[in-house]
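A.B. asks:
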Amino acid sequence: GLSDTIILDIISNYLVLPNRITVPLVSEVQIAQLRFPIPKGVLRIHFIEAQDLQGKDTYLKGLVKGKSDPYGVIRVGNQIFQSKVIKESLSPKWNEVYEALVYEHPGQELEIELFDEDPDKDDFLGSLMIDLIEVEKERLLDEWFTLDEVPRGKLHLKLEWLTLMPNASNLDKVLTDIRADRDEANDGLSSSLLILYLDSARNLPSGKKINSNPNPLVQMSVGHKAQESKIRYKTNEPVWEENFTFFIHNPKRQDLEVEVKDEQHQCSLGHLKIPLSQLLTSDDMTMNQRFQLSNSGPNSTLKMKIALRVLHLEKQERSPDHQHSAQVKRPSVAKEGRKISLRSQKSASPGSGDSSTAPCTPVMGSSSKPGMEERTQPVEASPQGPRDLGRSSSSLQTGATCSPSHVSVKEPTPSIASDISLPIATQELRQRLRQLENGTTLGQSPLGQIQLTIRHSSQRNKLVVVVHSCRNLIAFSEDGSDPYVRMYLLPDKRRSGRRKTHVSKKTLNPVFDQSFDFSVSLPEVRRRTLDVAVKNSGGFLSKDKGLLGKVLVGLASEELARGWTQWYDLTEDGTRPHVVT
């Protein structure tokens, strides 16, 4: 059963939009269009609330009816999002927002299934399938929908069809609508979409060994969102022909950073930085050229085509008595065949990465505060398996299969627009914070603090991080916590880039005094961010594993060569670190 599931996942990934198999029967012009697909639009899904759901939990061997612990699974093509779980509620309020790419109208629907979370197999609470052609016609839908395949229950959705505009005439209005003009954050509701076609490179340097060809790959990042190409082996003129997309919060102040690396020796072969504001003034907001690489060979270039498209919600002129309702498709799949929940597939998923690793793009929560939103990429299960969520597989962002019975998503998808839309570890941490507060005001550092020494050694060409100790951590159980520290140098979140301390048992004030290093040059490290998470270990198969707090440390300081030792406040998601003087 496990091997069948994995094999079907891999096959299905290649058979779901937007994946294509290109057969060269026509001119090069049409092939170029297939290689650089522009989505028809972006669907913004406000997953708001449900009412009158079935109570699936029972007590006293079924004599007493209880409530449910509902969550939702949302699918658009090969993109899958999963909401958080609302405990013991028949009228849950999620207030989450997700953004999905739509490549084809006919044949693509918005499919939603609700489940009741249980320790063994999750119970089915209803489904819904909406034709995206109807959503595009209406542009904006805000309705209650009756759930199918169950005797009762309804779901409140707000759906926005965003058109991709090839000019910046509406950008200022879009930025104002999503409040991106008021904050300095690089995450939140998207104002635009960046589409990137990575073609090839020429004249790459040999890397560490002279006269040997490297194994080049390309890492691309916008803010904290990063993606990675496939590896091309033993060549200094690699050809990738891969597509990538990035949701952009504010193109006026965000940059596309690209680095070519030698996978074998983990060294940089060159990099470049493109301010997205350049695309705003380019013809058709597109650049198609060979880019000269910095810190590389004298003639080292990277050929890419990049395009920016503004996401615009067109307001339809409606008469006051206009009535609209999206066409709800009745499921053609047999009822029993659909009731295989996302979570029941977890045990069939091979491997699991670091528990704090967020899935790769969505938004969440109250639409009244879109400026404070968090976001990530849609959860993607590529043929390489769940560990490679950040990697592109074939054409454009190969996502999880659309088949309800073969899904390998492991955690709730962070939503873009809510303070409770972070990965599940952060949600649980915030719940513990609320329990600890219990009507009182917590101190300045409710999650405790961590002491770090950070410096760059130019002699060794390494970033050196010493983890000294933590203080005033929160207790994970009656016995305290079993803390350890995990670090990444963003945007690299591969297993090989992870650093971990030993576990300190049953203490809230652990002392580690362990030193770690990352091979990285000083100019490069100033473009990176140190991701530090304090976690509770728990025993083997223990349920007491989880996040104790995070801090994200920017490394652009001119003091990095000399180094510093400081206490940092731990926060739920690391995005608001306060240095303790």
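Quick note on numbering: the sequence shown equals residues 1 to 581 in UniProt numbering. Note that CB positions come from ideal geometry on N, CA and C, so glycine has one too.
(1) First and last residue of the alpha helix (DSSP H) that includes LYS137?
(2) Pull up the distance between the alpha-carbon of VAL260 and that of TRP240, whole angstroms please.
(3) With a CB to CB cut of under 6 angstroms and the five nearest residues on each side skipped, what residues in its chain are close to GLY153?
(4) Using three-state DSSP, classify LEU196 as helix, strand or coil.
(5) Look up residue 637 in the DSSP assignment and give the residues it is bridged to.
(6) I need the straight-line Cα distance from HIS502 to TYR484, nearest angstrom please.
(7) Could you pull the DSSP bridge partners for ASP569 from this structure?
(8) Taking the beta strand (DSSP E) that GLU109 falls in, what are its first and last residues?
(9) Given a cut-off of 8 angstroms on the beta-carbon distance, is the pair ILE450 and VAL532 in contact?
(10) Is THR235 helix, strand or coil when you go by DSSP?
(11) Contact between the region 211–218 and the region 166–173 is defined here as three or more beta-carbon pairs at a separation below 8 angstroms; is this criterion met?
(12) Could you pull out every unbroken beta strand (DSSP E) segment of at least 3 residues lying fully inside the UniProt domain "C2" (462–567), listed in chain order?
(13) My assumption, with CB atoms under 8 angstroms, is that LEU308 sits in contact with SER192. Please give the rounded CB distance.
(14) Buried or exposed: which applies to GLY270, given that a residue is buried once 16 or more other Cβ atoms fall within 10 Å of its Cβ?
(15) Thinking just about the alpha-carbon of each residue, which of ILE130, ARG35, GLN79 is nearest to the one in LEU157?
(16) For ASN78, count the other beta carbons within 10 Å of its own beta carbon; 16 or more makes it buried, fewer makes it exposed. Which is it?
(17) Considering only DSSP beta bridges, list what THR301 is partnered with.
(18) May I have the straight-line CA-CA distance separating residue 584 from LYS252, to the nearest angstrom?
(19) Name the residue from LYS506, ASN472, PRO412 whose alpha carbon lies nearest to the alpha carbon of residue 608.
(20) CB-CB under 6 angstroms to ASP482, same chain, minus the five flanking residues each way: which ones, in chain order?
(21) Less than 6 angstroms between C-beta atoms, sequence neighbours within five positions excluded: which residues of the same chain meet that for ASP284?
(22) Relative to the C-alpha of GLY448, which candidate in ARG471, PRO37, ILE454, SER458 has its C-alpha closest?
(23) Using the three-state DSSP reduction, which class does SER169 fall into: helix, strand or coil?
(24) Taking ARG562 as the reference, give the member of ARG455, THR235, ASP479 with the closest Cα.
(25) Cα separation between CYS360 and THR245?
(26) Across which residues does DSSP place ALA180 in a beta bridge pair?
(27) Give me whichever residues DSSP pairs with ARG309 in a beta bridge.
(28) Determine, using beta carbons only, whether ALA475 and LEU508 come nearer to each other than 8 angstroms.
(29) Nearest-angstrom Cα distance between SER68 and GLU111?
(30) Please list the segments of the beta strand (DSSP E) lying wholly inside the region 237–287, counting only runs of 3 or more residues, in order along the chain.
C.D. replies: This is what the structure holds:
(1) Under the DSSP assignment, LYS137 falls in the alpha helix (DSSP H) whose first and last residues are 132–138.
(2) Going by the C-alpha atoms only, they are around 12 angstroms apart.
(3) ASP52, LEU53, GLY126, LEU147
(4) strand
(5) Any question about residue 637 goes unanswered here, given that the chain covers just 1 to 581.
(6) 6 angstroms
(7) GLN449
(8) First-last of the beta strand (DSSP E) with GLU109: 109–116.
(9) yes
(10) DSSP places THR235 outside both helix and strand once states are collapsed to three, so it counts as coil.
(11) no
(12) For the UniProt domain "C2" (462–567), whole beta strand (DSSP E) runs of length 3 or above, ordered along the chain, are 462–471, 483–490, 511–519, 529–536, 546–554.
(13) 6 angstroms
(14) By the neighbour-count criterion, in which 16 or more other beta carbons inside 10 Å mark a residue as buried, GLY270 falls on the buried side.
(15) Looking at the Cα atoms, ILE130 is the closest of the given residues.
(16) When all chains shown are included, ASN78 counts as buried.
(17) ARG202, GLN292
(18) The structure shown has nothing for residue 584, since the chain only spans 1 to 581.
(19) Given a span of 1 to 581 for the chain in the structure shown, any question on residue 608 remains unanswerable.
(20) VAL503, LYS505, ASN536, SER537
(21) Sequence-distant Cβ neighbours of ASP284 in its own chain, meaning closer than 6 angstroms and more than five residues away, are PRO166.
(22) ARG471
(23) coil
(24) Taking only the C-alpha atoms, the option nearest ARG562 is ARG455.
(25) For CYS360, the pLDDT reaches just 36, beneath the cut-off of 50, and the residue's location in the model is therefore unreliable, although a value from the coordinates is still provided. Distance between the alpha carbons of CYS360 and THR245: 12 angstroms.
(26) Note: ALA180 is not bridge-paired with any residue in the DSSP secondary-structure output.
(27) BP columns for ARG309 point to LEU193.
(28) yes
(29) 21 angstroms
(30) As far as the region 237–287 is concerned, its whole beta strand (DSSP E) runs of at least 3 residues are 239–248, 255–262, 267–275.
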